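Asks:
2 protein chains.
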Amino acid sequence: MTRIMPVVRWEPDAAGRLRAAAMELYVERGFEQTTVAEIALRAGLTARTFFRHFADKREVLFGGSAALFDEVMRAVEQAPAGAAPMQVVAAALDAAAGVLGQHQDYSRQRQSVINANPELQERELIKLVSLAAALADGLRRRGVPEPDASLAGEAGVVVLRVAFGRWLTEPGDLELSQAMREALDRLAVVAAR
Amino acid sequence: MTRIMPVVRWEPDAAGRLRAAAMELYVERGFEQTTVAEIALRAGLTARTFFRHFADKREVLFGGSAALFDEVMRAVEQAPAGAAPMQVVAAALDAAAGVLGQHQDYSRQRQSVINANPELQERELIKLVSLAAALADGLRRRGVPEPDASLAGEAGVVVLRVAFGRWLTEPGDLELSQAMREALDRLAVVAAR
DNA sequence: CCAGTGATGTCACTTGATGACATCACCGTA
DNA sequence: TACGGTGATGTCATCAAGTGACATCACTGG
Numbered sequence: 630m631t632r633i634m635p636v637v638r639w640e641p642d643a644a645g646r647l648r649a650a651a652m653e654l655y656v657e658r659g660f661e662q663t664t665v666a667e668i669a670l671r672a673g674l675t676a677r678t679f680f681r682h683f684a685d686k687r688e689v690l691f692g693g694s695a696a697l698f699d700e701v702m703r704a705v706e707q708a709p710a711g712a713a714p715m716q717v718v719a720a721a722l723d724a725a726a727g728v729l730g731q732h733q734d735y736s737r738q739r740q741s742v743i744n745a746n747p748e749l750q751e752r753e754l755i756k757l758v759s760l761a762a763a764l765a766d767g768l769r770r771r772g773v774p775e776p777d778a779s780l781a782g783e784a785g786v787v788v789l790r791v792a793f794g795r796w797l798t799e800p801g802d803l804e805l806s807q808a809m810r811e812a813l814d815r816l817a818v819v820a821a822r
Numbered sequence: 630m631t632r633i634m635p636v637v638r639w640e641p642d643a644a645g646r647l648r649a650a651a652m653e654l655y656v657e658r659g660f661e662q663t664t665v666a667e668i669a670l671r672a673g674l675t676a677r678t679f680f681r682h683f684a685d686k687r688e689v690l691f692g693g694s695a696a697l698f699d700e701v702m703r704a705v706e707q708a709p710a711g712a713a714p715m716q717v718v719a720a721a722l723d724a725a726a727g728v729l730g731q732h733q734d735y736s737r738q739r740q741s742v743i744n745a746n747p748e749l750q751e752r753e754l755i756k757l758v759s760l761a762a763a764l765a766d767g768l769r770r771r772g773v774p775e776p777d778a779s780l781a782g783e784a785g786v787v788v789l790r791v792a793f794g795r796w797l798t799e800p801g802d803l804e805l806s807q808a809m810r811e812a813l814d815r816l817a818v819v820a821a822r
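Protein sequence lines, in the order shown, are assigned to chains A and B.
For what it's worth, our numbering labels the leading residue of the first sequence as 630, then goes sequentially.
For what it's worth, our numbering labels the leading residue of the second sequence as 630, then goes sequentially.
(1) Just tell me which of A:Val689, A:Asp723, A:Gln750 and A:Asn746 has its CA closest to the CA of Arg703 (chain A).
(2) So, for Ala761 (chain B): in the same chain, excluding its five sequence neighbours on each side, which residues have a beta-carbon less than 6 Å away from its beta-carbon?
(3) Using only CA atoms, which one of B:Val701, B:His732, B:Ala649 and B:Ala710 lies nearest to Val689 (chain B)?
(4) Mapping DSSP to helix, strand and coil, what is Leu647 (chain B)?
(5) Between the stretch 715-734 of chain A and the stretch 681-701 of chain A, are three or more C-beta pairs nearer than 8 Å?
(6) For Gly755 (chain A), return the contacting residues in chain B, with the cut-off set at a CB-CB distance below 7 Å.
(7) What in chain A is Cβ-close to Ser779 (chain B), meaning under 7 Å?
(8) Please report the distance separating the alpha-carbon of Gln750 (chain B) from that of Leu729 (chain A).
(9) Please determine, among B:Thr664, B:Thr798 and B:Asp814, the residue with the shortest C-alpha to C-alpha distance to Lys686 (chain B).
(10) Note down, in chain order, every chain B residue with its Cβ under 7 Å from the Cβ of Pro714 (chain A).
(11) Taking all protein chains shown into account, do 16 or more other C-beta atoms lie within 10 angstroms of the C-beta of Glu753 (chain B), making it buried, or fewer, making it exposed?
(12) Between Leu783 (chain B) and chain A, is there a C-beta pair that is closer than 8 Å?
(13) If you reduce the DSSP assignment to three classes, tell me which class Gly693 (chain B) lands in.
(14) Can you tell which of A:Glu667, A:Gln716, A:Glu706 and A:Asp642 has the C-alpha that lies nearest to the C-alpha of His682 (chain A)?
(15) Distance cutoff 8 Å, beta carbons only. Does Leu654 (chain A) sit that close to anything in chain B?
(16) Indicate whether Ala666 (chain B) and Thr678 (chain B) have their beta-carbon atoms separated by less than 8 Å.
(17) Could you tell me the alpha carbon to alpha carbon distance between Glu596 (chain B) and Glu799 (chain B), rounded to whole angstroms?
(18) Would you say Phe787 (chain B) faces chain A, with C-beta separation under 8 Å as the test?
(19) Between the C-alpha atoms of Arg770 (chain B) and Glu706 (chain B), what's the straight-line distance to the nearest angstrom?
(20) Give the list of continuous alpha helix (DSSP H) stretches no shorter than 4 residues that lie fully inside the stretch 669-717 of chain A.
(21) Are the C-beta of Met634 (chain A) and some C-beta of chain B separated by less than 8 Å?
(22) What residues in the stretch 695-711 of chain B bring their beta carbon closer than 9 Å to a beta carbon of chain A?
(23) At 9 Å on the CB atoms, spell out the chain B contacts of Leu690 (chain A), in chain order.
(24) Helix, strand or coil: how does DSSP classify Pro747 (chain A) here?
(25) Report yes or no: is there a C-beta of chain A within less than 8 Å of the C-beta of Met630 (chain B)?
(26) In chain order, what residues of the same chain lie with their CB nearer than 6 Å to the CB of Ala644 (chain B), ignoring the 5 residues before and after it?
(27) Helix, strand or coil: how does DSSP classify Leu764 (chain B) here?
(28) Please name the residue, chosen from B:Ala651, B:Val656, B:Gln807 and B:His732, that lies closest to Ala672 (chain B) on a Cα-to-Cα basis.
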């Protein structure tokens, strides 16, 4: 619709406007109470167009996950040749901390939206499980046998979850990478029985 | 509708008929290709009634999870007083194996439906994460401090996932509880770095 | 025999999601 | 300049998930 956008046909890109509008509404009134039509309206677009940019209403909140994924996998590939599985995982977690560790405020806001809605938690979990699978795959490619590769991959994501949760809730001066390292060490102790 | 059920008004219960009909259709033509209306039709009921028994189309496949939950939590409570966190988790996993270890055929069928559909995987994951949280909670009630309780709970579910997967795919003579124990031992080794 | 209760059906509606097709801006090129 | 192609968007139609409101019928206890 040309009439909707008066003169400057190109503000930011459509996906960006949709994402921003969606975040605003999710925070203002909650995820379920927000309609795709409303998001599109606020972005000056149409519901139909929303679905051309996002597979579904939830996906808006998970756009950044590809970057995390890439960083983690790169770290796995570049880890020193002789490293033990959990050493590789530690390197991957460090890379993850680098990606996630910025924007604590945004992370908190986003997480509070997610925590308030089971549907969104489901989506988040599937992303993390994919990450675990990818991690395990990377380890297998490095020659780590099963079930060690799977266990290490899953364990890595466990550490990520626990450390990230602590980082989000704890008063600000904790470094995410530090939290990761501590959780990793702690897991070694606990798992030993 | 009285006319639908000719004479014998009470065959099995409605929930059971709906569940059976849904499973059949999910297997026959896949989850997404199955409509709630079709499920209800096959069960001799209405779509509206389907939603009186199941929160959504997916929930049909996850009805048994409460039993698993209960068994696991009971095992946690009944573990010997001085047991280390992972000893408690081991006991819980043994209880879980007791519940899941029967009906390998049904489990396989159910899992293949789930594996074929991301939506269903999400639902399964959220159940498992709830289990991890409950496990952690049980440990905390036993006096295990954070982050050990969370880590042990999550680690327990990791072991469950890995062992269950192996049990489902491997030729039949492997005991689930055996697979659990092996995965648990292996995790201890891997996590030690 | 009747009132109450619970399970179900019917109807109407909102919302998410998708396919088909039309439209418009923009870009390169004859 | 005029033209044709391409990509992003709008419009329309439609299906399926889910929910609320209300009616109906069987069963049960008094």
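Backbone N, C-alpha and C define an ideal beta-carbon position, used for all residues, glycine too.
Computed from a prediction, not measured in an experiment: that's the story for all the values here.
Replies: So, from the data block:
(1) Ranking A:Val689, A:Asp723, A:Gln750 and A:Asn746 by Cα distance to Arg703 (chain A) puts A:Asp723 first.
(2) Excluding its 5 nearest sequence neighbours in each direction, Ala761 (chain B) has C-beta neighbours in its own chain below 6 Å: Gly782, Glu783 and Val786, listed in chain order.
(3) With distances taken between Cα atoms, Val689 (chain B) lies closest to B:Ala649.
(4) For Leu647 (chain B), the secondary structure class from DSSP, reduced to helix, strand or coil, is helix.
(5) Yes: at least three Cβ pairs fall under 8 Å.
(6) For the sequence presented, residue 755 (chain A) should be read as Ile rather than Gly. Near Ile755 (chain A) (Cβ distances below 7 Å), the residues of chain B are Pro747, Gln750, Glu751 and Leu754.
(7) Within 7 Å Cβ-Cβ: Val791.
(8) Taking the straight line joining both Cα atoms gives about 25 Å.
(9) If we check each option's Cα against that of Lys686 (chain B), B:Thr664 comes out closest.
(10) Simply Val819.
(11) Classification of Glu753 (chain B): buried, given that the 10 Å Cβ count is 16 or more.
(12) The sequence shown places Glu at residue 783 (chain B), rather than the Leu named in the question. The beta-carbon of Glu783 (chain B) is placed less than 8 Å from the nearest beta-carbon of chain A.
(13) Residue state for Gly693 (chain B) is assigned as coil, using DSSP reduced to three classes.
(14) Selected option, being the one with the closest Cα: A:Asp642.
(15) Interface residue (Cβ-Cβ distance to chain B less than 8 Å): Leu654 (chain A) is not classified as such.
(16) It is not a contact, given that the beta carbons lie outside the stated cut-off.
(17) Since the first and last residues shown for chain B are 630 and 822, residue 596 (chain B) lies out of range.
(18) Residue identity check: residue 787 (chain B) is Val in the sequence provided, not Phe. Output row for Val787 (chain B): interface = yes.
(19) Going by the C-alpha atoms only, they are around 9 Å apart.
(20) Complete alpha helix (DSSP H) runs here, min 4: 676-682 and 694-707.
(21) Only weak support is given to the placement of Met634 (chain A): the predicted model assigns it a pLDDT of 35, under 50, and the question is left unresolved by the model.
(22) So nothing in the stretch comes that close.
(23) Those within 9 Å of Leu690 (chain A) in chain B number zero; the least Cβ separation is about 14 Å.
(24) Helix at Pro747 (chain A).
(25) Any reading at Met630 (chain B) must be qualified, since the residue scores a pLDDT of 34, below 50, and its modelled position is unreliable; the value itself is stated next. No, no contact with chain A.
(26) The beta carbon of Ala644 (chain B) is closer than 6 Å to those of His682 in its chain, skipping five residues each way along the sequence.
(27) Helix.
(28) Of B:Ala651, B:Val656, B:Gln807 and B:His732, the residue nearest in Cα terms is B:Ala651.
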